[in-house]
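Here the structure is laid out as structure tokens; the discussion comes afterwards.
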Amino acid sequence: MLPRTEPADDPTGDRPTPDGPSPDGREADGPTGERPAPARAASREDEPDDERPAAPPVEHDSTWFTALVRAHQRDLHRYLVRRAPGEADDLTADVLTIAWRRRDDVPDGAELPWLYRTAGFVLANHRRKGRPIPVERVPEEIDDDDPALRAVHDERVREALGALSPRDRQIVLLNAWEGLTGQALAEVLGIGRGGADAALSRARARLAAAWGESA
Numbered sequence: 028m029l030p031r032t033e034p035a036d037d038p039t040g041d042r043p044t045p046d047g048p049s050p051d052g053r054e055a056d057g058p059t060g061e062r063p064a065p066a067r068a069a070s071r072e073d074e075p076d077d078e079r080p081a082a083p084p085v086e087h088d089s090t091w092f093t094a095l096v097r098a099h100q101r102d103l104h105r106y107l108v109r110r111a112p113g114e115a116d117d118l119t120a121d122v123l124t125i126a127w128r129r130r131d132d133v134p135d136g137a138e139l140p141w142l143y144r145t146a147g148f149v150l151a152n153h154r155r156k157g158r159p160i161p162v163e164r165v166p167e168e169i170d171d172d173d174p175a176l177r178a179v180h181d182e183r184v185r186e187a188l189g190a191l192s193p194r195d196r197q198i199v200l201l202n203a204w205e206g207l208t209g210q211a212l213a214e215v216l217g218i219g220r221g222g223a224d225a226a227l228s229r230a231r232a233r234l235a236a237a238w239g240e241s242a
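Counted from 1, the sequence shown has number 86 at position 59 by the working numbering; the numbering is strictly sequential.
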């Protein structure tokens with residue numbers, strides 16, 4: 028009788044390996060004795076930010092403009108009443124007319140700062156020319172003579188504000204009257220967020236110094 032021999036290992040055969048399939052078709056335990064966790068289905072949260080579909084742009088149509096007027100007309104009118112009380116109604120209408128004609132330029136999410144900045148141009152042009160601004164265009168620079176100073180009735184406050192530069196006074200009043208800070212203030216001033224924060228800090232410090240000198 029021939030001696031019985033064990034079959035040689037066949038690397039290409041069906042003998043299961045630690046990580047290969049078991050004879051019953053199930054995954055064998057891994058080296059640690061634990062079965063591998065089932066694969067998790069990919070979700071939208073796993074998608075990189077740059078591959079997620081962007082929100083569709085807002086159409087600046089008549090519906091959009093009606094919503095803008097309802098949301099911001101009161102704040103815009105208040106802004107102008109403080110600076111040109113006798114002409115605030117007409118100037119508000121001018122600013123809103125510009126907003127409609129230049130509606131593609133109005134940034135989504137920053138509509139009110141854009142209106143304030145445009146109102147500054149309208150005021151400057153109106154005072155400089157003594158007549159309503161042509162709605163087809165706005166001036167490139169704001170007049171440094173801020174008429175808001177005339178609306179302050181407390182003499183000491185007037186003196187402290189009057190001691191500031193026109194730019195510092197504009198920043199202080201935008202913050203104190205309109206409550207603008209951060210990115211909203213930056214939008215009105217036409218500068219970056221960091222520059223707006225620094226400018227507001229400097230303007231407040233100079234106002235505090237001027238207030239102390241007027242005591």
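Just so it is clear, CB atoms sit at the ideal spot from N, CA and C, and this is done for glycine as well.
Being a predicted model, the structure only gives us computed values, none of them experimental.
Thinking residue 139 and residue 88 are a contact (beta carbons under 8 Å), I'd like their distance in whole angstroms, please.
The Cβ separation is near 19 Å, so there is no contact.
Contacts around residue 159, its chain only, beta-carbon distance under 7 Å, and the 5 residues preceding and following it disregarded:
At residue 159, the pLDDT of 48 sits below 50, so the modelled position is not reliable; the number obtained from the coordinates is stated separately. Around residue 159: 117, 121, 153.
When burial is assigned at 16 or more other CB atoms within 10 Å of the CB, is residue 147 buried or exposed?
Looking at its Cβ environment, which holds 16 or more other Cβ atoms inside 10 Å, residue 147 is buried.
Rounded to whole angstroms, what is the Cα-Cα separation between residue 112 and residue 221?
Distance between residue 112 and residue 221, taken at the CA atoms: about 33 Å.
Does DSSP put residue 219 in a helix, in a strand, or in coil?
In the structure shown, residue 219 sits in coil (DSSP, three-state: anything other than H, G, I, E or B).
Member of 127, 108, 226 whose CA lies at the smallest distance from the CA of residue 95
Of the listed residues, the one whose Cα sits closest to residue 95 is 127.
Starting from residue 246 and walking both ways along the alpha helix (DSSP H), at which residues does that stretch end?
Residue numbering for the chain in the displayed model covers 28 to 242; residue 246 lies beyond these limits and cannot be assessed.
Option in 110, 136, 123 with minimal Cα separation from residue 211:
Out of 110, 136, 123, 136 has the C-alpha closest to the C-alpha of residue 211.
Three-state secondary structure (DSSP) at residue 85?
In this structure, residue 85 counts as coil in the three-state DSSP scheme.
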